[in-house]
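Chains as they are written, first to last, in this note's numbering: chain A, -8 to 142; chain P, 23 to 330; chain R, 464 to 776.
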Amino acid sequence: MVIVAVPSGGNGGLTSILNPRFGRCESFTFVTVEDGEIKQVKTLPNAASDAMGGAGIQAAQTLGNNNATVAIVGNLGPNAAQALGSLNIKLYQAPNQQITVKDVVQEYIDGNLQELSGANVGSHFGMGGGFGRGRGGAGGGGGGRGRGRNL
Amino acid sequence: MQKKQIGIISGKGGVGKTSLTASLASLANNDPEISPIIMDCDVDAPNLALILPAENEKSIRTKDTYTTLKATFLEEKCIHCRNCIEENYCEFNALEWDQNNKIPKIKYLACEGCGACQVLCLEHAFEINPVKSGEIISYKTKKGPNLVYGKTQLGSTTSGKLVSESKEFAKNLEGFEENDLIIIDGPPGIGCPVIATVSGLDYVITICEPTPSGLHDVIRAIDVVQQFKIPFGIVINKSDLKSSFQEEFNTFIDETGYEVLGRIPFDLSIAQAMSHAEPVVDYAPESKASQAIQEIYIKLKDQIWNHN
Amino acid sequence: MPEKAKIITVTGGKGGTGKTLVAVNLATMFKNAGKRVLLIDGDVENPNTYLLMNGELENKAPVYFFKPSIIETKCSKCGLCSKNCATHALLHVDGQYPIPFLTVCSGCKLCYKICPEEAIKEDYKTIGWTYETKKNNMDLWIGELKPSEARSAAVVEALLDNLKELLEKEPQKYDIIVLDTAPGAHCDVELLLESADLIVPVTEPTKFGKLDLLRIIELIELLGKPYKAIINRSSLLGFKEKFLEELERKDIEILGDIPLDDEIVQSYCQGDPLMDENSNFNKEGEGYKSFITIFENLNKWIREKKTASMEGA
Ligand code: SF4
Ligand code: SF4
Ligand code: SF4
Ligand code: SF4
């Protein structure tokens, strides 16, 4: 048995369309596949869809907490790829066209999808944390300098 | 034509990036094969709009963006325990006492919106809220194509995010489906906004001058582009500059085998065109610089549509 | 009483206005006048001053930045750190140890402060370097951001920390400190402006230059610092007069202007400051003379400030 996670549009479900933006899709559809057949379907809204930063990581966390072992993705940034990788979730590339969750899972079952080894788009890491000041710990306490320049 | 996105970047500013972008935009616009859309992603100092003004003031659309988070202090909840400052809740030195040494004050520019104070103050006297961080502006230019650009507000900490949002915004513009060439004026440097700009592009032009610092800058810019495995070409501006450094520069190019898309000779008409806020290819079409840029344009088309 | 070093910050709204040219030559002229000078290059994404002076980078010291590191023997896998991390830099799945993602971590240390098991250690990564070198009888400090890192302000801050330390230990070591900033109006630039006694924004007489000048002045005024602008490439096509008028209307004072000049371009390419005593540039050249005027005006301004502050005291 494998649980396949698909980033989906709207509220998700087998008839919804795969959303290529992994971290920022509206929902995830979790499809349980056993013996080449779809056994069970569960949907969850993506809490990270409008997160200020780290959306890919947060989305990966949702997949991990729902025991997904396979994800079918459109675009995948480096953080999300690394996060999914560290959770041992196998990645497959969705075809570059509009496709329903059901069809893309069928493609997966039929062995027509290519396995991905990492990110396929660049990072958007301007979001949230990427750009700021970072006084790196002027308040590190004690006499030592927070930034640790004496290390 | 298959849709292609190209960006023009430089390790540092002031080496002719905007000038080249404006000229390429004009050439693409006059090219019957191409329907371009122009973007200025130098969100901290956008100025392509000066060269490509709106056809009609009324058609200008703006959208405020709220991508930056900042803390606000809720005085009524504070019980003056003094922990926030004495125990350094804020790693960014954005919290300090007010004049009377009684309540904490947030330094707006320094605050990164990291959220630490909100979690650490047990009285919930800090709140984190999105604030206006910039604008996305779009219009139809006098010359024809649509222009989209982002502009950050003082105190914004999310230039990269504004770049990404501007790119998203452009995709939803009416007529975007028909645009087959997206020309982006990128920010200088190698930081976040540059990374957000080059992400997803089909081709990048890195422009530089043949001086010691020019070489240094272009190497840094190429580093960034290569991380994304995007094909790129170098444009050398003021390529005939009399400098003892020319040789070193040429050796570097020969040794690395990097693609040189073109060389623009030093030409006063570029400065003149910029002073009149016009693309040089329109201001002085016969000038040496304009001819060089026309060659670059032809080579660019060949690179993006015939070589992939 | 011996005087505290004067700090002059040279800035410019956009790149390529000649900011570094001005910073290097101002520092050089102070040195010619017998002052003890420290030049600090705070354009950490593109530190170029040393190239304009044919200098080398020396005395490299890393700049460290906080990163969380999980002590697995202490961690109870409760997930509290991950739940509270605003940038979602800690990946936590039920029953597993959290995994930090440094590219999105803001360095806020919240995780470290709230972990109930004290299972997060203060760890550090290198995000850039500072250098201290000597060139033409002048000390030069440089900050450099590591490519692929984004926290330029933390590198600038390391430079300013060193400066603060120096001013505390040896307040009389220098007479003049010249700071060169990055282009733009970001927090790294803001830090350098905040440290200044006087600010010199450099611009050029075009519509672009004006737009950028106004942008940086907005920030300078917010910080409440005195400033006077320098107009570079002022001979550009007779735009100067109109430009000066516009600045006057906006009450922006001018320290001087620098015309387009071949020798400036040459000095740039050779890596010899135009104003160096030992350089063989034409002392009657337009560029050379313009710098002399700027230097006189700057000294006058410094004297005025001094009298004003003495009267104020
Ligand atoms: S803001 Fe919170 S932590 Fe700071 S003094 Fe008030 S109650 Fe205490
Ligand atoms: S949100 Fe973060 S940066 Fe802003 S005041 Fe609070 S602790 Fe400081
Ligand atoms: S808060 Fe501390 S104990 Fe809990 S998961 Fe994080 S590191 Fe482990
Ligand atoms: S330091 Fe702040 S941003 Fe970084 S992991 Fe810890 S809580 Fe998250």
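Where is the CB? At the ideal position from N, CA and C, for every residue including glycine. On a predicted model such as this, the values are computed, not experimentally measured, just so you know.
Where residue i meets chain P, residues with beta-carbon distance less than 7 Å
i: E653 (chain R); result: L131
Residue j beta carbon less than 9 Å from that of residue i
i: T483 (chain R); j: S235 (chain P); result: yes
i: S6 (chain P); j: F288 (chain P); result: With chain P running from 23 to 330 in the structure shown, residue 6 (chain P) is simply not present.
i: I28 (chain P); j: I204 (chain P); result: yes
i: L96 (chain P); j: A132 (chain P); result: no
i: H242 (chain P); j: E612 (chain R); result: With the sequence shown as reference, residue 242 (chain P) is identified as Arg, and His is not the correct amino acid for it. Not a contact, by the Cβ cut-off of 9 Å.
i: I583 (chain R); j: S532 (chain R); result: yes
i: E653 (chain R); j: L686 (chain R); result: yes
i: K165 (chain P); j: A293 (chain P); result: no
i: F21 (chain A); j: A59 (chain A); result: yes
i: A645 (chain R); j: V526 (chain R); result: no
i: S77 (chain A); j: T34 (chain A); result: no
i: S11 (chain P); j: D66 (chain P); result: Here chain P has residues from 23 to 330 only, and residue 11 (chain P) is not among them.
i: V257 (chain P); j: T228 (chain P); result: yes
i: I80 (chain A); j: A38 (chain A); result: no
i: S698 (chain R); j: L676 (chain R); result: no
i: C112 (chain P); j: C139 (chain P); result: yes
i: W764 (chain R); j: L661 (chain R); result: yes
i: P209 (chain P); j: C63 (chain P); result: yes
i: G213 (chain P); j: T480 (chain R); result: no
i: K129 (chain P); j: G156 (chain P); result: no
i: T91 (chain A); j: T6 (chain A); result: yes
i: G3 (chain A); j: E17 (chain A); result: yes
Residue i beta carbon near ligand 3 (any heavy atom closer than 8 Å)
i: S77 (chain A); result: no
i: S545 (chain R); result: yes
i: G542 (chain R); result: yes
i: E(-1) (chain A); result: Position check: residue -1 (chain A) holds Ser in this sequence, whereas Glu was assumed. S(-1) (chain A): no, Cβ never under 8 Å from ligand 3.
i: K537 (chain R); result: yes
For residue i, the nearest candidate out of the options (CA to CA)
i: D643 (chain R); options: R:Q635, R:P664, R:L630, R:E633; result: R:P664
i: R285 (chain P); options: P:E300, P:A299, P:Q268, P:A93; result: P:Q268
i: K576 (chain R); options: R:L608, R:K530, R:A621; result: R:K530
i: K498 (chain R); options: R:P563, R:L630, R:L656, R:E466; result: R:E466
i: F671 (chain R); options: P:K183, P:N52, P:L49, P:L74; result: P:L74
i: M738 (chain R); options: R:T472, R:I470, R:N488; result: R:N488
i: N247 (chain P); options: P:T233, P:P232, P:G36, P:L223; result: Looking at the sequence shown, residue 247 (chain P) is not Asn but Val. For V247 (chain P), the nearest C-alpha among the options comes from P:L223.
i: D304 (chain P); options: P:Y130, P:L283, P:A192, P:S41; result: P:S41
i: A490 (chain R); options: R:G475, R:Q733, R:M516; result: R:M516
i: S539 (chain R); options: R:C548, R:T566, R:Q559; result: R:Q559
i: A468 (chain R); options: R:G542, R:I727, R:K632, R:E535; result: R:K632
i: P167 (chain P); options: P:K85, P:A71, P:P126, P:D276; result: P:A71
i: V550 (chain R); options: A:N70, A:L75, A:P11; result: Reading off the sequence shown, one finds Thr at residue 550 (chain R), where the question assumed Val. Comparing Cα positions, the closest option is A:N70.
Residue i Cβ short of 8 Å to ligand 1 heavy atom set
i: N105 (chain P); result: yes
i: E145 (chain P); result: yes
i: L761 (chain R); result: no
i: P126 (chain P); result: yes
Any non-hydrogen atom of ligand 2 closer than 8 Å to residue i Cβ
i: A648 (chain R); result: no
i: E97 (chain P); result: no
i: F148 (chain P); result: yes
i: F191 (chain P); result: no
i: F114 (chain P); result: yes
i: G570 (chain R); result: no
Contacts that residue i makes with chain P (C-beta to C-beta distance below 9 Å)
i: C571 (chain R); result: C112, E113, F114, E134, C136, G137, A138
i: G505 (chain R); result: None at all; the shortest Cβ gap to chain P is about 14 Å.
Chain A residues whose Cβ lies nearer than 7 Å to that of residue i
i: D557 (chain R); result: N56
i: I562 (chain R); result: S77
Chain R contact residues for residue i, given Cβ-Cβ distances below 7 Å
i: A299 (chain P); result: K670
Contact test: residue i Cβ vs ligand 5 heavy atom, cutoff 8 Å
i: S18 (chain A); result: Looking at this structure, you won't find ligand 5 anywhere; what it does contain is ligand 1, ligand 2, ligand 3 and ligand 4.
Contact list for residue i against chain R, beta-carbon separation under 8 Å
i: N272 (chain P); result: Near N272 (chain P) there are no residues of chain R at all, since even the closest Cβ is about 14 Å away, more than 8 Å.
i: N70 (chain A); result: F564, T566, V567
i: L72 (chain P); result: K670, F671, L674
i: P287 (chain P); result: Under the 8 Å cutoff, chain R gives no residues; its nearest Cβ is about 14 Å from P287 (chain P).
Within chain R, the residues that residue i reaches when beta carbons sit closer than 9 Å
i: R104 (chain P); result: Under the 9 Å cutoff, chain R gives no residues; its nearest Cβ is about 16 Å from R104 (chain P).
Where residue i meets chain P, residues with beta-carbon distance less than 8 Å
i: S615 (chain R); result: G213
i: C650 (chain R); result: L131, A132, T179
Check: residue i C-beta below 8 Å from any heavy atom of ligand 4
i: T566 (chain R); result: no
Secondary structure, beta strand (DSSP E): runs of 3+ residues fully inside the stretch 48 to 121 of chain P:
Listed in chain order, they are 58 to 62, 83 to 87, 90 to 95, 117 to 119.
What runs of the alpha helix (DSSP H), each 4 residues or longer, lie entirely inside the stretch 247 to 318 of chain P?
The qualifying runs are 268 to 278, 290 to 297, 302 to 305.
If you scan the stretch 466 to 531 of chain R from start to end, which runs of the alpha helix (DSSP H) of 4 or more residues do you find wholly inside it?
Runs of alpha helix (DSSP H) with 4 or more residues, each lying fully within the stretch 466 to 531 of chain R, are found at 482 to 495, 512 to 515, listed in chain order.
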